Amino acid sequence: MHTAEAIDIAEQFRQTYGQSPAIIARAPGRVEFIGNHTDYNGGAVLGVAINRFVWVATAPNSAGRLRFASDQATHMVDLPGDPGTRFTGPEVWANYPLGVWRSFLDFNLPQPAGFDLLVTSDLPAGAGLSSSAALELATALAVHGLSNAAAIEPGQLAALGRHAENKYVGVPCGILDQGTCAFGRAGHLVHIDCRGPAFSRVPFPSSAHLWIFHTREKHALIDGLYAERHRECEEAAVSLGVRLLADLTPAQLLVAEGKLSSTHARRARHVVAEQARVQEAVAALQQDNLAAVGRLLTASHRSSQNFFENSTAALDRLVDLLESHPAVFGARLTGGGFGGAVLALTRDSFTAGDAAEIGRLQAEHQHRLPEVIHLHSADCAQVIWRG
Ligand code: GLA
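In the numbering used here, each number is its position in the sequence shown, counted from 1, plus 1267.
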């Protein structure tokens, strides 16, 4: 049990609601290690659950109201029941807990009538580290914990979180974020074959390190570019006569590419080659060949940059700077793209001073220091406290 964290959030809960929480759950953010936009195309992806978290505390309330508060929101959302609509503006974050609560019905899980909920987090929002999935899964575990029903198993938890995001938040994401959050384990990467989906774990080499360089550029998932790429991939699959782009090998795509517009061909080329890179990365990790893993990460970035076109000048520049550093194995944009963060896989010898120097060089160009975070792998979403 994570007692210190639980005591802290329980105190904040008492200050907000005047009662003690009944359940506290914690869910990790995630880094997309490799497999950019492969998930909703039926491919494979490698993610890592990270030691930055969202905590959700809940308790039933006798008024039968749905009350949502967050340490990052200025005021509480207080509802007499399902409003039947989506929030916009400053309350938009409440779509996540509300969407999870609505999804309980869709998944035939008990739906508590009224509860108080408090969210706290040390996970930067908008960095492409999936604060959304962490919020969904921590909410699902905490609110489900209010009923006496059997625990939700991780596959169902991931599916429920994704369902809430697709249907009630309105983002057509794949299973990467929720799957990594539900199956993560310290010292491991999560491999997801997204067609099943089937989840497994690959040991993360103990001599390698993960660094995040967050550009602080807006990461515009909901603003449509993510949905546009998703649609382009579906259109390319239709033109190629396959259900999902990951149904094709690179050789098959080469033969069939003439059927596609140049935009659709670039999208398909990225997805099909990226899918192959994920498999190569698994093999290289199993052989502890970190130089090869690093080359695959950087190749993934160049493919996002040139073919999927979901990178930005700031992300490209960070990858250029990191790629030329002798203690960096490889670097790539991580997550949806269009802003957000670069992931670097480094040797032990890469220091906070090296990271700061890269940040300084980046700021010369971007006029803004990136936020640098040295991350570690962490365990999956779980209930950490019961009152
Ligand atoms: C976001 C989505 C994921 C995945 C990545 C891109 O993080 O939520 O499902 O599609 O983008 O790989």
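Note that CB positions come from ideal geometry on N, CA and C, so glycine has one too. The structure displayed is predicted, hence computed values, not measured ones.
Buried/exposed call for residue i, threshold 16 Cβ in 10 Å
i       : result
Glu1278 : exposed
Arg1510 : exposed
Ile1442 : buried
Ser1644 : buried
Val1505 : exposed
Glu1495 : exposed
Ser1398 : buried
Pro1464 : buried
For residue i, the nearest candidate out of the options (CA to CA)
i       : options                            : result
Glu1501 : Ala1294, Thr1341, Asp1306          : Asp1306
Pro1470 : His1455, Leu1600, Ala1405          : His1455
Gly1386 : Gly1451, Arg1281, His1592, Asn1375 : The residue you asked about is not Gly; residue 1386 is Val in the sequence shown. Per the Cα distances, Arg1281.
Gln1542 : Gly1310, Gly1412, Asn1573, Val1650 : Gly1310
Asn1415 : Lys1526, Gly1597, Gly1620, Gln1378 : Gln1378
Leu1600 : Val1344, Leu1563, Ala1425          : Leu1563
Trp1360 : Ile1291, Cys1461, Gly1381, Gly1437 : Gly1437
Glu1299 : Gly1604, Asp1621, Thr1618          : Gly1604
Leu1582 : Gly1607, Tyr1284, Val1639          : Gly1607
Ala1453 : Gly1654, Ser1337, Cys1647, Ala1394 : Cys1647
Gly1296 : Leu1365, Asp1345, His1269, Gly1446 : Gly1446
Ala1324 : Glu1631, Leu1408, Leu1610, Gln1629 : Leu1408
Pro1472 : Ala1548, Leu1346, Ala1622, Asp1275 : Ala1548
Asp1373 : Val1609, Ala1392, Leu1427, Ile1459 : Leu1427
Arg1653 : Thr1355, His1411, His1304, Glu1403 : His1411
Asp1338 : Ala1326, Leu1515, Trp1322          : Trp1322
Proximity test, Cβ basis, 8 Å: residue i and chain B
i       : result
Trp1322 : Of the protein chains in the structure, only one exists, and it is not chain B.
Strand pairing of residue i, partner residues [DSSP]
i       : result
Trp1478 : Ala1611, His1641
Leu1384 : Thr1325, Phe1335
Arg1293 : Trp1322, Gln1649
Thr1601 : Ala1608
Pro1470 : His1455
Closer than 5 Å: residues whose CB approaches a heavy atom of the ligand GLA: Listed along the chain, these residues meet the criterion: Asn1303, His1304, Asp1306, Cys1440, Gly1441, Leu1443, Asp1444, Gly1602, Gly1603.
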